[in-house]
Every structure is written in C-alpha cells, then in structure tokens.
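One structure below.
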Amino acid sequence: MYEFHKGLATGVNIGYATTALMSFTAPPPLLSRKRVDNMRVHKWLSYVHLTGMITTNVLGNRIANDFQVNKPLHRAAALTTFGAYAAAIAIIKFEF
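In the numbering used here, the protein residues as written are 442 to 537.
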C-alpha cells in the first residue's frame, strides 16, 4: 500500500507542478472589470493550495524518513490542500 501511495503522490506532484508552472507564468489579463472577480479569488486560492502541496510533501518525506511527525498533521495538510484546490475549481466553474 505504501508503494501505491508513493507512486500516486509522484504522479500528482508531476501533474500539479506542470500546471502550476503554466499558471504562474501566464500573462495577466488585459482588462479587469471588477475589483474582486472570480479569477482573483482563484489566484488567491492557488497560493493556499500551492503552500499545502509543499507542506504535504515535506511532512510525507519526514514520515518516510522516520522523523517524529504526526500522520494526522500530514492528513490535515492534504485535506486542506484538496479543499482549497476544489474551491479554486468551483470558483471558476460557477459564476458568483
């Protein structure tokens, strides 16, 4: 089960890093009509889930190397990351 989890995490990290690189290097929009719009909230949420991805990976590596890290802390970081990522997708999908 550990090898499956490790392989899945590697695949997710590669896909996430690729799309994050494309997102952060994209040019800004030419026109912005509202002070706070969906894209701006989406970008704020992207910083939250980027931080969560890094935290989840650091905690996962510390667990794998037998450091004293709570597994629930790693799980909480992963769930927070997933929540921010899902909210970022929802904010784009649905117009608020």
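Even glycine gets a Cβ: it sits at the ideal position worked out from N, Cα and C. It should be emphasised that the depicted structure is a prediction, and the values quoted were computed from it without experimental measurement.
Beta-carbon spacing of residue i, residue j below 7 Å
i	j	result
Ile-533	His-490	no
Gly-493	Thr-459	no
Ala-517	Thr-497	no
Reduced DSSP secondary structure (H/G/I, E/B, other) of residue i
i	result
Leu-471	coil
Thr-459	helix
Phe-445	helix
Thr-522	helix
Thr-466	coil
Val-510	coil
Expected contact under 8 Å - CB spacing of residue i and residue j to nearest Å
i	j	result
Ile-530	His-515	Incorrect: roughly 23 Å between the Cβ atoms, too far for contact.
Ala-528	Leu-486	6 Å
Gly-524	Ala-450	No, Gly-524 and Ala-450 are not in contact; Cβ-Cβ is about 18 Å, not under 8 Å.
Ala-470	Met-480	As written in the sequence, residue 470 is Pro, which differs from the Ala given in the question. Sure, about 7 Å apart at Cβ, within 8 Å.
Fully enclosed by the segment 477 to 503, which alpha helix (DSSP H) runs are 4 residues long or longer?
-> If we require 4 residues or more, the segment 477 to 503 turns out to have no alpha helix (DSSP H) run fully inside it.
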